[in-house]
Amino acid sequence: DSLKELGCEHDIVMTLSFVQLAVIPKLKITDKGLVDVENQRFVDLFT
Numbered sequence: 001d002s003l004k005e006l007g008c009e010h011d012i013v014m015t016l017s018f019v020q021l022a023v024i025p026k027l028k029i030t031d032k033g034l035v036d037v038e039n040q041r042f043v044d045l046f047t
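Residue numbers for the sequence shown follow my numbering, beginning at 1 and rising by one.
#1: Considering just the uninterrupted stretch of the alpha helix (DSSP H) at residue 26, what are its terminal residues?
#2: In chain order, what residues of the same chain have a beta carbon less than 8 Å from the beta carbon of residue 25, not counting five sequence neighbours either side?
#3: The ligand SAH and residue 35: does the residue's C-beta get closer than 7 Å to at least one heavy atom of that ligand?
#4: When DSSP labels each residue in this structure, what does residue 64 get in the three-state scheme?
In structure tokens:
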């Protein structure tokens, strides 16, 4: 509710849950970081 008061219309928890679904073929969020599934490599977020 606090995020809605600030103007955020997206449910962040649901968004992150959706990204982790097995049906999303390109990228996965793991406990080790963001993974490019097709190339089987970690994605560097800061370059």
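Note that CB positions come from ideal geometry on N, CA and C, so glycine has one too.
Quantities reported herein were computed from a predicted structural model and do not represent experimental measurements.
Based on what the coordinates show:
#1: Translated into the one-based positions of the sequence shown, residue 26 becomes position 26. It is not in any alpha helix (DSSP H) - residue 26 carries neither H nor E in the DSSP assignment.
#2: For the purposes of this step, residue 25 is taken as residue 25 along the sequence shown, with counting starting at 1. Same-chain partners within the cutoff: 37 and 38.
#3: Among the ligands in the structure shown, none appear at all, so the ligand SAH cannot be discussed.
#4: Residue coverage of the chain in this structure runs from 1 to 47, which leaves residue 64 outside it and unanswerable.
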